[in-house]
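In the UniProt record's numbering, the protein residues as written are 251 to 512. Glycine included, each C-beta is placed from N, C-alpha and C at the ideal position. One structure below.
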Ligand code: ADP
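Structure (structure tokens):
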């Protein structure tokens, strides 16, 4: 609480009283903390791959370059870590773009099946690598009022997480239907699950349940923050139900297209 006080003096210099102004600055303090955390997180996330790239390139310059096996191995690490930097910078720029005031979506009636097929195509390599199957149950004419590439991005993110946080060989299921004037689309995995107490913080920027595992899976920690923002820009919402060790269901609700035109 910030308190300001000023005397009120009358015409002949007599005291009339004191004006006291109290500002509740709890929200300001919270916002400042969020900003500081964000800067600290970005710095940490950028420093980790940079340290690795610098270290391995120095080792190469110091002579390891004469060992072909070490050279191959170190170059692979340098390549992987620069890819990680690139993805992080892309996610940061994307998040700042969509959070900017005045950012607008290009809304049109889009078929959910079309969006899901595109997203499934993007992750098909990753699914195959891990011996996982994706099943879809979506009415053909279900259509939402949405920005097609942005909705594809939402489902690519959710599917990428479902793949990354599941054991190889398990299945992922997408179900979609209408509920009132919203489309309800769920992505269900049989993966590691999320502890109940972590769920409220899941959509915060850089929040991860298991830092090491997320980094290994190539995650930036920004995916769900981007997803939530995009879904809310559509006038929708996102929810999650999960059981540790059993799996998770992320459910998105987006306004249906007024006229499906199908
Ligand atoms: P990341 O890039 O780390 O995957 P996200 O913002 O996409 O970042 O997700 C935040 C965290 O939520 C992840 O680090 C992971 O701990 C958890 N998470 C997200 N999706 C799932 C899922 N399907 N199953 C289990 N944990 C998940």
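The three-state reading of DSSP puts residue 385 in strand, counting E and B together. Contact annotation: residue 407 and residue 476 have beta-carbon atoms nearer than 8 Å.
In the structure shown, the three-state DSSP call for residue 484 is coil.
Distance from residue 404 to residue 357 at the Cβ level is roughly 14 Å; contact not present, criterion being Cβ atoms closer than 8 Å.
Judged by DSSP in its simplified three-state form, residue 285 adopts helix. The beta carbon of residue 503 sits closer than 6 Å to the beta carbons of 432, 434, 486, 487 from its chain, once the five residues preceding and following it are set aside; these are given in chain order. At the C-beta level, residue 363 and residue 402 stay beyond 8 Å of one another. In this structure, DSSP gives residue 342 a helical state, which the three-state scheme calls helix. The three-state secondary structure of residue 458, taken from DSSP, is coil. A distance below 8 Å between beta-carbons, with the five flanking residues on each side excluded, links residue 498 to the following residues of its chain, in chain order: 412, 415, 438, 439, 441, 443, 444, 490, 491, 492. Here residue 256 is exposed: its Cβ has fewer than 16 other Cβ atoms, across all protein chains shown, within 10 Å. Restricting attention to 456, 350, 482, 322, the CA atom closest to the CA of residue 396 is found in 482. Looking at the DSSP output, residue 359 sits in a beta bridge with 395. Closest option to residue 429, judged by alpha-carbon separation, among 322, 459, 451, 394: 394.
A residue is called buried once 16 or more other Cβ atoms fall within 10 Å of its Cβ, and residue 484 is buried on that count. Per DSSP, residue 272 is one residue of the beta strand (DSSP E) stretching across 265–273. The DSSP-derived three-state label of residue 436 is strand. With a threshold of 7 Å, the Cβ atom of residue 464 counts as near the ligand ADP, since some heavy atom of the ligand is closer than that.
DSSP lists 386, 437 as the beta-bridge partner residues of residue 424.
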